[in-house]
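Colleague: These protein sequence lines are chains A and B, in that order.
Under numbering that gives the first Met the number 0, think of the first position of the first sequence as 0, with each following residue one higher.
Under numbering that gives the first Met the number 0, think of the first position of the second sequence as 0, with each following residue one higher.
Following this message is one structure expressed as structure tokens.
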Amino acid sequence: MLRFIGRRLLVAIPTLFLVITVAFFMMRAAPGSPFDMDRKLSPEIEANVLAKYGMNKPLPEQYVDYLAGVARGDLGPSLKYRDKTVLDILQQNYPVSLRLGLSAIAIASIVGVSLGVIAALRQNGPADNLVMAVAILGVCIPTFVTAPLLVLGIASKLGWLPTAGWNNGALPNLVLPVTVLALPQIAIISRLTRAGMIEVLHANYIRTARAKGLSETTIVRKHALRAAILPLVSYLGPACAGLITGSLVVEKIFNLPGLGKFFVVSALQRDYTVVMGMVIVYAALILLLNLVADLLYAALDPRVRLA
Amino acid sequence: MSVFVSASGDRADLAAIRGRSLWDDARRRLMANRAAVASMIVLGLLVALAAVGPFLTPFPYDQVNKQDVWVPPLTHGHLLGTDALGRDLLARLLVGLRVSLAIGAVATSVSLAIGVAWGATAGYLGGAVDEVMMRFVDVLYSLPFIFFVILLMVTFGSNIVLIFVAIGAVEWLTMSRIVRGQTLTLKNREFVEAARAAGLGRTAIVARHIVPNLLGPVVVYVTLTIPAVILAESFLSFLGLGVQPPMASLGTLIAGGAQDMELAPWLLVFPSLVMVATLMCFNFIGDGLRDAIDPKDR
């Protein structure tokens, strides 16, 4: 087990290295520069600015410098936000996205799995049809439709919750953005759970469990669920990474200081170092969560051997 | 004599029983799925509306009407009302639907072409080539979607056709994984061995024997890629990176409607309804196709 984790982490390093390389050269190949202003800089000033950030060197040399920095844990200064380093920006904005994303994933998992199990136990009954109809709707309604509608209804018209803002993560400010983030996930998770449950409930060992007189609740909780959520585990890894690195739509509509918004703005302004920092965080999270998913898989399914 | 008659009768019966191919079976199961059939009809209507509709509306989609700003539906001849510039919503909605469906078609074709070629090549060649090609896919997977799209957009400008291609060029990763997996199971089958024994080249085997046989799961995934692509374009439009005004897509209409929703709710409601209806159709058809082609999960 420890050897498996160790090996996977070792394999992750070259992948991360490739991600950094691809992102670095793609970013630099795009036209424009972080120092493009409305008013053109005079050549002398531009040369000075470039020299300050080491951008007057040839590209391969800058690449090596950057890699050396990353290896030391130094992601460099932001090119747009003066006197802020990339790490400062990540530290400031990451907790917001993390909190939103984790809350959404937690709620979506609990609600989605419960709905999926209920639907599977009453397959083709009215409860099942209702859950599946809601699930289809949840997949089809984009967040930028649900978010304004919820704001209009619950926040503006009824005045129950604040329309926008972070307010240091106070609960009332969290409810609407988390709901908007969780809804499509609930839809997907309930569908995956339902499909898994239906397949598992036909398995021989469930028939055995029934035959020896176990109650339906025990069968579901102790025997069926464990195998049924296997497909869910492999889905949740990347989905989690996507959610906790920030959703730009939700952050934009609710005016939250998360990473997603920063990412788009920085990419548009060619703030190379900030974009690279976020790409690294995202890629590292994907790799890490895939590893966690594999470990969970092995823990849930005794037939899986980690090699 | 009687023996002869019965024998020929048997033969006639045999001729009457036509062989049912896998695709015949699949079509039969698909046609028995009411949600899928209804979705195909609705989608057909939507496509027809998007194709013909813009020619039939009384107002052009980009005509600014200073005296008819924010007219509610069913007034002054505007069936669905007008927006902040007095442009007819019905006309804009039809054009937007056309643009969104076109994006779905073009981007999905691009992702299909790249994904199938990449996955089939990697799967069929195997070994080091497979390792390198799929590692490349892994690396691209680990980059955020929006990163690519923004870079492609700033590199190629916000030309509408390039938006289509850019989205397709990002959406092929899952397709290539599915195709590779299918290719791996197909390439050791007898008919491929037979083709190889008959002296067919590798390109011909992949193109004529592998690809046609992996179309089942690919078709299912295509029907799920189209709505994903339409959504992706909407997100870009929502961020102001997609289709540029006065052109419209469902995404730009919804984004604009969300801004003015308290004054003119119809600007949000109608485009959202069309968008949801379109996406639902694709999802139901995709589900139906999956059940029809791969019936083991029913």
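The beta-carbon is built from N, C-alpha and C at its ideal position, and this holds for glycine as well.
1. Taking the C-alpha atoms as reference points, what is the distance between I162 (chain B) and E232 (chain B)?
2. Could you pull out every residue in the same chain whose Cβ sits closer than 7 angstroms to the Cβ of T145 (chain A), ignoring the five residues on either side in sequence?
3. Does the beta-carbon distance from L17 (chain A) to V280 (chain A) come in below 8 angstroms?
4. Kindly indicate which three-state DSSP category T162 (chain A) falls into: helix, strand or coil?
5. In terms of residue numbering, what span does the alpha helix (DSSP H) encompassing D73 (chain A) cover?
6. Between the Cα of L272 (chain B) and the Cα atoms of B:L89, B:V136 and B:A83, which residue gives the shortest distance?
7. In whole angstroms, what separates the C-alpha of L286 (chain A) from that of K83 (chain A)?
8. Can you give, in chain order, each stretch of the alpha helix (DSSP H) that sits fully within the stretch 232-281 of chain A and has at least 4 residues?
9. Of all Cβ atoms in chain A, is any one closer than 8 angstroms to the Cβ of P71 (chain B)?
10. Rounded to a whole number of angstroms, what is the C-alpha to C-alpha distance between N254 (chain A) and V95 (chain A)?
11. Can the beta-carbon of V48 (chain A) be found closer than 8 angstroms to that of F34 (chain A)?
12. Within 10 Å of its beta-carbon, does Q184 (chain A) have 16 or more other beta-carbons around it, so buried, or fewer, so exposed?
13. At the level of alpha carbons, what is the spacing between A104 (chain B) and I225 (chain B)?
14. List the residues of chain A whose Cβ lies closer than 9 angstroms to the Cβ of P216 (chain B), in chain order.
15. Report the residue from B:I284, B:T277 and B:G285 whose alpha carbon sits nearest the alpha carbon of V46 (chain B).
16. Please report how far the alpha carbon of L191 (chain A) lies from the alpha carbon of L231 (chain A), in whole angstroms.
17. Following the continuous alpha helix (DSSP H) through V133 (chain A), name the residue where it begins and the one where it ends.
18. When the Cα atoms are used, what is the spatial distance from Q66 (chain B) to A83 (chain B)?
19. Go through its chain and collect everything with a Cβ distance to S99 (chain B)'s Cβ below 6 angstroms, but skip five positions before and after it.
20. Chain B beta carbons: is any one of them nearer than 8 angstroms to that of S155 (chain A)?
21. Check for me: the alpha helix (DSSP H) holding R33 (chain B) runs from which residue to which?
22. For chain B, check one thing: does any of its Cβ atoms lie closer than 8 angstroms to the Cβ of P301 (chain A)?
23. Rounded to whole angstroms, what is the Cα-Cα separation between I19 (chain A) and T154 (chain B)?
24. So if I threshold CB-CB distances at 9 angstroms, which residues from the stretch 129-146 of chain B count as touching chain A?
25. List the residues of chain A that S366 (chain B) touches, going by C-beta distances under 7 angstroms, in chain order.
26. Using a Cβ-Cβ cut-off of 8 angstroms, state whether T207 (chain A) counts as contacting chain B.
27. Taking only the alpha-carbon atoms, compute the straight-line gap between E307 (chain B) and M274 (chain B) and give it to the nearest angstrom.
28. Just checking D286 (chain B) against the ligand COA - is the residue's beta carbon closer than 7 angstroms to any of the ligand's heavy atoms?
29. Scan the stretch 262-282 of chain A for residues whose Cβ lies nearer than 9 angstroms to a Cβ of chain B and list them as they occur along the chain.
30. Just tell me which of B:A106, B:L44 and B:P59 has its CA closest to the CA of V164 (chain B).
31. Give me, in chain order, the residues of the same chain whose beta-carbon lies closer than 8 angstroms to that of V70 (chain B); leave out the 5 immediate sequence neighbours on both sides.
32. Identify the continuous alpha helix (DSSP H) that holds G114 (chain B) and give its terminal residues.
33. Can you say whether A119 (chain A) is buried or exposed, counting buried as having 16 or more other CB atoms within 10 angstroms of its CB?
34. Rounded to whole angstroms, what's the CA-CA distance from L97 (chain A) to V191 (chain B)? Just pull it up for me.
35. Taking A254 (chain B) as the query, report the chain A residues whose CB atoms sit under 9 angstroms from its CB, ordered along the chain.
36. State the Cα-Cα distance for the pair H75 (chain B) and G255 (chain B), rounded to the nearest angstrom.
Modeller: So, from the listed chains and residues:
1. Roughly 8 angstroms separates the two Cα atoms.
2. Within the same chain, Cβ atoms closer than 7 angstroms to the Cβ of T145 (chain A) are found at V179 and L182, the five residues on either side in sequence being excluded.
3. One thing to note: L17 (chain A) has its Cβ no nearer than 8 angstroms to the Cβ of V280 (chain A).
4. Per DSSP, reduced to three states, the secondary structure at T162 (chain A) is coil, with no helix or strand assignment.
5. That residue, D73 (chain A), is in no alpha helix (DSSP H); it is neither H nor E in DSSP.
6. Of the listed residues, the one whose Cα sits closest to L272 (chain B) is B:L89.
7. Those two C-alpha atoms are separated by around 28 angstroms.
8. Listed in chain order, they are 247-252 and 258-267.
9. Using a CB distance cut-off of 8 angstroms, P71 (chain B) does not count as an interface residue toward chain A.
10. Rounded to the nearest angstrom, the two C-alpha atoms are 12 angstroms apart.
11. In this structure, F34 (chain A) lies closer than 8 angstroms to V48 (chain A) by Cβ.
12. Flag for Q184 (chain A) reads buried.
13. So the alpha carbons of these two residues sit roughly 7 angstroms apart.
14. Residues of chain A whose Cβ lies closer than 9 angstroms to the Cβ of P216 (chain B) do not exist, since the nearest Cβ in that chain is about 16 angstroms away.
15. If we check each option's Cα against that of V46 (chain B), B:T277 comes out closest.
16. So the alpha carbons of these two residues sit roughly 6 angstroms apart.
17. Residues P125 to C139.
18. Separation of Q66 (chain B) and A83 (chain B) (C-alpha to C-alpha, rounded to the nearest whole angstrom) is 11 angstroms.
19. Answer for S99 (chain B): I229, S248 and L249, listed in chain order.
20. Output row for S155 (chain A): interface = yes.
21. DSSP places R33 (chain B) inside the alpha helix (DSSP H), whose first and last residues are R33 to L55.
22. Chain B has no Cβ within less than 8 angstroms of the Cβ of P301 (chain A).
23. The alpha-carbon separation between I19 (chain A) and T154 (chain B) amounts to approximately 19 angstroms.
24. The residues in question are R134, F135, D137, V138, L139, Y140, S141, L142, P143, F144, I145 and F146.
25. With chain B represented from 0 up to 297, any question about residue 366 (chain B) goes unanswered, as that position is not in the structure.
26. T207 (chain A) does not count as touching chain B.
27. What the structure shows of chain B is the stretch from 0 to 297, and residue 307 (chain B) is not part of that stretch, so it cannot be assessed.
28. Of ligands this structure carries none, so the ligand COA is not represented either.
29. So the list reads F262, V263, A266, L267, R269, V274, M277, V278, Y281 and A282, given in the order they occur along the chain.
30. Residue B:A106 holds the alpha-carbon nearest to the alpha-carbon of V164 (chain B) among B:A106, B:L44 and B:P59.
31. Within the same chain, H77, G80, T81 and G85 come within 8 angstroms of V70 (chain B) by CB-CB distance, once the 5 residues on both sides are set aside.
32. Where G114 (chain B) is concerned, the enclosing alpha helix (DSSP H) stretches over L88 to L124.
33. With 16 or more Cβ atoms within 10 Å of its Cβ, A119 (chain A) is classed as buried.
34. One C-alpha to the other measures close to 50 angstroms.
35. Those are F143, listed as they occur along chain A.
36. Straight-line spacing of the CA atoms in H75 (chain B) and G255 (chain B) works out to 22 angstroms.
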